[in-house]
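K.L.:
Dropping the structure in here first, questions after.
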Amino acid sequence: METNAAKGISVGIFILVSLVMGTLPLCLVNNRRIKTKFLLSVKARLAISFLNCFAGGVFLGACLLNLLLKGQEEFAEYRQRANVTSTFPFFELAVGSGLLLIALLETGVHACMSRHSRSGVKSQDRGQRDTSTDSGMTSHNDSCNPGGVQAVSSTTQTCEKTTIELEAATELPDAGGAQDNKTDIPHKTNGRDAGTAPEDHNGEILSEVTLSTDMASLRALLLVMAMSLHAVFDGLAVGLMVATSDVWSVAVGISVHKAVVAFCLGLKLTEALPCAPAKTVLSMFVFSCMTPLGVAIGVGVTVSQENAVSESLSCSLLQALATGVFLYVTFFEVLGPELAVHQGHRLKALKIAVSALGFGAMAGVKGFNRYISGRPVDADTVIVVLYDLWVRILRKRGCVTEDQFEAVVTEIEAEIARRRSLGFESLRREAEIRERFTPLHKEVYYLKEDYLDPDFLHIVLQAKTATSIQSVSHLMETLGEGLFRLPVFTKQFCHLLLDELDAIEKSDCPKGRPNSMNKSGHYLAPVTSLLFPNSGGICLDSHKAFTVTYGSGHDLDLSCHFDNSEVTLNVALGYDGFSGGHLVFGRMKDELASQDSLKTPLHVEHRTGWGVLHRGGHMHSAEKLLGGKRCNLIMWMRSSAVRNVTCPMCSQPPQLLPTPGADDGFTIQDQGTQITVPRQREVDVCHAL
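Heads up: the sequence shown begins at 1 in full-length UniProt numbering, then just goes up one per residue.
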């Protein structure tokens, strides 16, 4: 099931659970028999308490096994893309900030509620003293008298005289215990109740307080506000998920927790507003919409970012805040109050076991999802070994629906078919060009020493007899480790070759690259053997050459990449008057991921007729061309001894399919004689398409 559909279904579940569980107390409280048998039942209160503990374990699992891990992955991706080198734990700092922020906000709401509660009680006490001498007058606030509190089953409530009688669901009443009238935790003494309890959406469900209708409405409003804030962050966690399995894992934890919270909140609103059931339903509806609002915010963040760096940063920070909120709710709102109340050790151990059951359930869901998504996928010999990583990269680039994934698989299959047909297409183009195109400069099709720079010929001559790089290093420029610049062609040849390329471009003949230039090994082999002995330079038995053009109507730059070669020669052919577009070299592809590969860049300026010789795995890019037009001849030199063992693109054993035409650097062996078959084209159906 696609991720967006999972999020939509989760939103519907959140709304349904909140409304059903939030309005259920209306039915229970208005039914005296159910109210007496259910709300005052010890078993019922224990059941709610155990459900609360289970929700706490589920929340803990969702926090540690989903939110925390996904947030850390997002932030690690941001570090790579933004080249952040600091090792300071910024993500963990954001998690702690989220926890403290929600604690501060909730403390402020509770302080506001407590202040209004105390002011209301004081005004009620003054009203009692002012009217105590009038025995014939009934006080509007006589319900604040602890002695006037009656049993729940015989309480008469009116809109002018409201008595709220709730009992703590997580604490059994003490029989015959001493009572301190100043305590905030109610205890029964000789049938009478005293004290008030602070509102806690998950700690106490039933507490005995007496409020006027106006004051109860105010506190109910503040309570809904506090709970709505939690709900928004809950939904945010779902909206930021990119995998369907993660959406369901987090949604399960939120749904269980939301059922308990909605019931508690609905019960408080029902008792606080006994004469206004419509207000209770409206408040619960508003509360039920807060989690979907958070989901919408999370989805908006993941799809609205135009920059991958800002997307990774915003998603990781929001997930860090949501993780902090989950930690706060888990320990301060759920498990903390449940385990802190006065109870026996056996009951406390049982609650911990129930919490562990919830945590184990989330761990089981996570393990099952990893088993399902971690299996290799075979798409016509394309085995995506790191399936999770592959899917994550696709999703980060906007591939989230089933149709989009099917389009990716279709594209992979088309690429495999294209690779299989490369040899046939190359032969077809060659035959058609020979038949239809009349060369402008026939001499450029046959390599002559006159086309080569005299200094290059001198380097080749020296390399044939040299025993070390130092013997020829003074004849070329050493730009870095495994990175050299040397003269290759004369400017006259560069102009002739550009004229021929322009003529081909203007013709109606088929065009395609790369093209074979195997004879160039006669000059390059001695040089590469000396400079790149450990990178296949001593056995570069195939070559591919093609041209790339930068300028108006063409690409202006080229992003960071590595070549499908063991050694690459990049020669600037011209045109005259170009500026900018320097090559930028970073590190080897095996050392760092591509996002961080240009962390310490080396800029190399182009010179007409000069070439840059480097290893194919050397990460590099081309800066934006500032003016003019530039054409480069790229030659990929390949070693069958290297790539027959490991594909340089995906670092996996190659999967070879024989086809006609020029080869990709692979060779096959006769299994009976173990003799290498030369010039046999082999296409690698690469893992990393």
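The C-beta atom is built at its ideal place from N, Cα and C for all residues, glycine as well.
Fair warning: this is a prediction, and the values are worked out from it, not measured in the lab.
Determine the burial state of histidine 614: buried for a count of at least 16 other Cβ atoms within 10 Å of its Cβ, exposed for fewer.
P.N.:
Burial call: buried.
K.L.:
Compare the beta carbon distance of glycine 98 and leucine 321 with 8 Å and say whether it is the shorter of the two.
P.N.:
Yes, the pair counts as a contact, with Cβ atoms nearer than the cut-off.
K.L.:
Between which residues of its own chain and leucine 313 is the CB-CB distance below 7 Å, once the five residues before and five after are set aside?
P.N.:
So the list reads Tyr78, once near-sequence residues are dropped.
K.L.:
Relative to the C-alpha of glycine 627, which candidate in Tyr550, Met588 and His603 has its C-alpha closest?
P.N.:
The residue with the shortest Cα to Cα distance from glycine 627 is Tyr550.
K.L.:
Going by DSSP in three states, glutamate 432 sits in which element: helix, strand or coil?
P.N.:
DSSP places glutamate 432 in helix when its eight states are reduced to three.
K.L.:
What is the DSSP secondary structure of asparagine 52, counted as helix, strand or coil?
P.N.:
The answer is helix: DSSP assigns asparagine 52 an H, G or I state.
K.L.:
In the DSSP assignment, the beta strand (DSSP E) including valine 548 goes from what residue to what residue?
P.N.:
That run of the beta strand (DSSP E) goes 542-550.
K.L.:
By DSSP, does histidine 110 sit in helix, in strand, or in coil?
P.N.:
Three-state result, histidine 110: helix.
K.L.:
Expressed to the nearest angstrom, what Euclidean distance is found between the alpha-carbon atoms of glycine 609 and alanine 296?
P.N.:
Cα-Cα distance, rounded: 57 Å.
K.L.:
List the residues that DSSP assigns as beta-bridge partners of leucine 602.
P.N.:
Looking at the DSSP assignment, leucine 602 forms a beta bridge with Phe585.
K.L.:
Can at least three beta-carbon pairs, one atom from the stretch 334-347 and one from the stretch 82-99, be found at a separation below 8 Å?
P.N.:
Judged by Cβ distances under 8 Å, the stretch 334-347 makes no contact with the stretch 82-99, as fewer than three pairs qualify.
K.L.:
Start and end of the alpha helix (DSSP H) containing phenylalanine 493?
P.N.:
That run of the alpha helix (DSSP H) goes 491-506.
K.L.:
Taking glycine 358 and alanine 641 to be in contact with their CB atoms under 8 Å, please state how far apart those CB atoms are, rounded to whole angstroms.
P.N.:
Actually they do not touch by this definition, with Cβ atoms about 57 Å apart.
K.L.:
What are the boundary residues of the beta strand (DSSP E) that arginine 630 is part of?
P.N.:
Residues 630-638.
K.L.:
Kindly indicate the opening and closing residues of the beta strand (DSSP E) around threonine 478.
P.N.:
Taken as a continuous stretch (DSSP letters only), the beta strand (DSSP E) holding threonine 478 covers 477-480.
K.L.:
Quick check: is any heavy atom of the ligand GDP less than 7 Å from the C-beta of glutamine 319?
P.N.:
As for the ligand GDP, it is missing from this structure, which has no ligand bound.
K.L.:
Arginine 434: buried (16+ other C-beta within 10 angstroms of its C-beta) or exposed?
P.N.:
By the neighbour-count rule (16 or more Cβ atoms within 10 Å), arginine 434 is not buried but exposed.
K.L.:
Report buried or exposed for lysine 544, applying the criterion of at least 16 other Cβ atoms within 10 angstroms of its Cβ.
P.N.:
Result: buried.
K.L.:
With DSSP as the reference, label glycine 176 as helix, strand or coil.
P.N.:
The predicted model places glycine 176 with a pLDDT of 34, which falls under 50 and marks its position as unreliable; any figure quoted below should be read in that light. Of the three classes helix, strand and coil, the one that applies to glycine 176 here is coil, per DSSP.
K.L.:
Given a threshold of 16 other Cβ atoms within 10 Å of its Cβ, counted over all protein chains shown, does leucine 104 qualify as buried or as exposed?
P.N.:
Exposed: under 16 other Cβ atoms inside 10 Å.
K.L.:
Tell me, please, whether the stretch 483-494 touches the stretch 421-434 by the rule of three or more beta-carbon pairs shorter than 8 Å.
P.N.:
They do not touch, by the three-pair rule.
K.L.:
Please classify leucine 574: does DSSP put it in a helix, a strand, or coil?
P.N.:
Reading off the sequence shown, one finds glycine at residue 574, where the question assumed leucine. Residue state, collapsed to three classes: strand.
K.L.:
Helix, strand or coil: how does DSSP classify phenylalanine 14 here?
P.N.:
DSSP places phenylalanine 14 in helix when its eight states are reduced to three.
K.L.:
So leucine 339 is in the beta strand (DSSP E); what residue range does that whole segment cover?
P.N.:
Premise fails: leucine 339 lies in the alpha helix (DSSP H), 336-340, not in any beta strand (DSSP E).
K.L.:
Out of curiosity, what's the CA-to-CA distance linking histidine 441 and glutamate 500?
P.N.:
Each residue's alpha carbon lies about 6 Å from the other.
K.L.:
By the DSSP assignment, the beta strand (DSSP E) with leucine 457 in it spans what residues?
P.N.:
Where leucine 457 is concerned, there is no enclosing beta strand (DSSP E), although the alpha helix (DSSP H) it sits in stretches over 454-465.
K.L.:
How big is the Cα-Cα spacing for residue 695 and glutamine 404?
P.N.:
Outside the displayed span of the chain (1 to 689) sits residue 695, for which this structure offers no information.
K.L.:
Considering just the uninterrupted stretch of the beta strand (DSSP E) at glycine 611, what are its terminal residues?
P.N.:
Unbroken beta strand (DSSP E) run through glycine 611: 610-615.
K.L.:
By DSSP, does cysteine 560 sit in helix, in strand, or in coil?
P.N.:
Strand at cysteine 560.
K.L.:
Which partner residues does leucine 483 have in the DSSP bridge list?
P.N.:
Bridge partners of leucine 483: Gly480 and His614.
K.L.:
Helix, strand or coil, according to DSSP, for alanine 276 in the structure here?
P.N.:
Alanine 276 falls in the coil class under three-state DSSP.
K.L.:
For a quick check, are the C-beta atoms of alanine 237 and valine 250 less than 8 Å apart?
P.N.:
It is a contact, given that the beta carbons lie within the stated cut-off.
K.L.:
Does DSSP classify arginine 266 as helix, strand or coil?
P.N.:
Going by the sequence as given, residue 266 is glycine instead of arginine. In the structure shown, glycine 266 sits in a helix (DSSP, three-state: H, G or I).
K.L.:
Our contact map puts histidine 620 next to valine 584 with C-beta atoms below 8 Å; I'd like the distance itself, whole angstroms only.
P.N.:
Correct: roughly 6 Å between the Cβ atoms.
K.L.:
Tell me where the beta strand (DSSP E) around glycine 627 begins and ends.
P.N.:
First-last of the beta strand (DSSP E) with glycine 627: 625-627.
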